[in-house]
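Working notes for the structure below.
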Amino acid sequence: MPGDTVFIASDHAGFVLKQTLCADLTELGFRMEDLGPQSAESCDYPVFAHALCARVAAHDGRGILICGTGIGMCMAANRHRGIRAALCTHEYTARACRAHNNANVLCLGARVVAPPLAAELAEIFLRTAFEGGRHARRTALIEP
Ligand code: RB5
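Numbering (our numbering), first residue to last: 3 to 146.
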């Protein structure tokens with residue numbers, strides 16, 4: 003919800019979209035914490051995924067990770083205990099990953115989704131509540 007801190011990070015491929023989303027979401031009232039990178043210089047996405055997931059897990063917060071496809075970020079993020087990262091390309095999955103899967107990290111592909119759609123997906127992700135109930139039983143079963 004607006005006012006909550008939202009962690010965001012990318013690699014070089016996601017850098018420009020990260021800057022755009024930071025501005026868009028700040029305008030909507032979210033407190034954005036940008037964990038880098040600070041330029042579009044080539045870098046390794048797992049470094050940023052791991053840094054963001056550590057913060058999300060420690061703060062029981064939410065995060066957004068962006069790379070070229072969103073795939074590498076999602077793979078790296080889901081190696082963390084307590085992180086449920088979802089790669090979304092459509093508004094339905096952005097909503098369902100919160101409502102049904104209690105996703106705490108949204109992964110986006112900057113080479114897949116255009117900035118206006120990315121902003122829409124991020125807003126849906128941040129405003130949708132987990133439904134709990136039978137879904138809570140299932141998300142509890144995810145951790146090995
Ligand atoms: C970088 O070229 C690209 O491989 C990376 O951003 C990402 O798409 C990896 O999954």
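Heads up, the beta-carbon is just placed ideally off N, CA and C, and yes, glycines get one too. Just so it is clear, the structure is predicted and the values come from calculations on it, not from any experiment.
In this structure ALA105 touches ARG86 by the C-beta definition: roughly 5 Å separates them, less than 8 Å. In the DSSP secondary-structure assignment, ILE144 is not bridged to any residue.
Judged by the Cβ position, THR71 qualifies as a neighbour of ligand 1 at the 7 Å threshold, a heavy atom of the ligand being closer than this.
Between the alpha carbons of ARG113 and ALA15 lies a gap of roughly 8 Å. In this structure, DSSP gives CYS109 an extended state, which the three-state scheme calls strand. DSSP places THR91 in no alpha helix (DSSP H); its state is neither H nor E. If you draw a straight line from the Cα of LEU143 to the Cα of THR28, it comes to about 34 Å. Look at GLU43 here: in three-state DSSP terms it is coil, with no helix or strand label. Using a Cβ distance threshold of 8 Å, LEU128 and ALA120 do not count as a contacting pair. By the Cβ neighbour-count rule, GLY84 is exposed, with fewer than 16 other Cβ atoms within 10 Å of its own.
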